[in-house]
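A.B. asks:
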Amino acid sequence: MSIQIGTKLPRFSVPATSNINLTEADLNGHYTVIYFYPKDSTPGCTVEGLDFTELTPQFNAYNTTIYGASMDTMKRHDNFKTKKGFPFELISDVDGQFSALFNVYQAKKNFGIEYMGIVRSTFLFNPKGELIHEWRKVKVKGHAQEVLETIQSHQQTA
């Protein structure tokens with residue numbers, strides 16, 4: 544069972560870059576974007592991370608914290624973050640338990656071969672830690688901008 548719009552995440556603790564352990568309490572007091580991507584240092588995942596990086600000042604202006612998440616190891620995350628200069632933390636979900644909360648680890652098909660992997664997805668939480676928007680099966684082009692525009696419109700109507 545994955546998280547639903549209007550609800551909070553159950554208790555969790557996941558490691559992230561900069562030697563932090565992210566918990567549900569870290570989602571309070573600001574908007575939070577958690578974007579799941581398949582694999583560090585691949586073309587689409589790199590572009591997505593760079594798009595969020597480029598818009599980070601605008602996200603910051605709207606009191607929004609960004610986290611990227613994949614099943615890569617902390618060592619791979621540290622290398623990816625450093626090499627690309629990402630100003631946000633990357634969550635390491637090697638065992639897939641965090642991904643399971645969002646139902647993003649699913650069967651995928653590529654060139655007729657079926658395998659399990661992360662389906663590119665993004666989740667937006669309000670300052671109370673409640674899920675207010677989700678994007679599933681994300682296409683990278685323009686996605687970070689769409690997330691920013693959603694936050695902007697939500698804050699104007701809140």
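Here the sequence shown is numbered in our numbering, starting from 544 and rising by one per residue. Glycine included, every Cβ here is placed at the ideal spot set by N, Cα and C.
1. Chain D beta carbons: is any one of them nearer than 8 Å to that of residue 595?
2. Just to confirm, is the Cβ distance from residue 614 to residue 639 under 8 Å?
3. Thinking residue 687 and residue 595 are a contact (beta carbons under 8 Å), I'd like their distance in whole angstroms, please.
4. Please state whether DSSP places residue 499 in a helix, a strand or coil.
5. Between which two residues does the alpha helix (DSSP H) harbouring residue 634 extend?
6. What's the call for residue 700, buried or exposed, on a 16-neighbour Cβ count within 10 Å?
7. From the DSSP output, which residues share a beta bridge with residue 676?
8. Taking 8 Å as the threshold, find out whether the stretch 642-661 comes into contact with the stretch 601-611 through three or more Cβ pairs.
9. With respect to the alpha helix (DSSP H) encompassing residue 643, which residues constitute its N-terminal and C-terminal limits?
10. Given a cut-off of 8 Å, decide if residue 691 and residue 602 are closer than it, judged by their beta-carbon atoms.
C.D. replies: Taking the coordinates as given:
1. Of the protein chains in this structure there is only one, and it is not chain D.
2. Yes.
3. 5 Å
4. Limits of the chain in this structure are 544 at one end and 701 at the other, which puts residue 499 out of reach.
5. Premise fails: residue 634 lies in the beta strand (DSSP E), 632-635, not in any alpha helix (DSSP H).
6. Around the beta carbon of residue 700, fewer than 16 other beta carbons lie within 10 angstroms, which makes this residue exposed.
7. 667
8. Result no; under three Cβ-Cβ pairs closer than 8 Å.
9. Taken as a continuous stretch (DSSP letters only), the alpha helix (DSSP H) holding residue 643 covers 640-645.
10. yes
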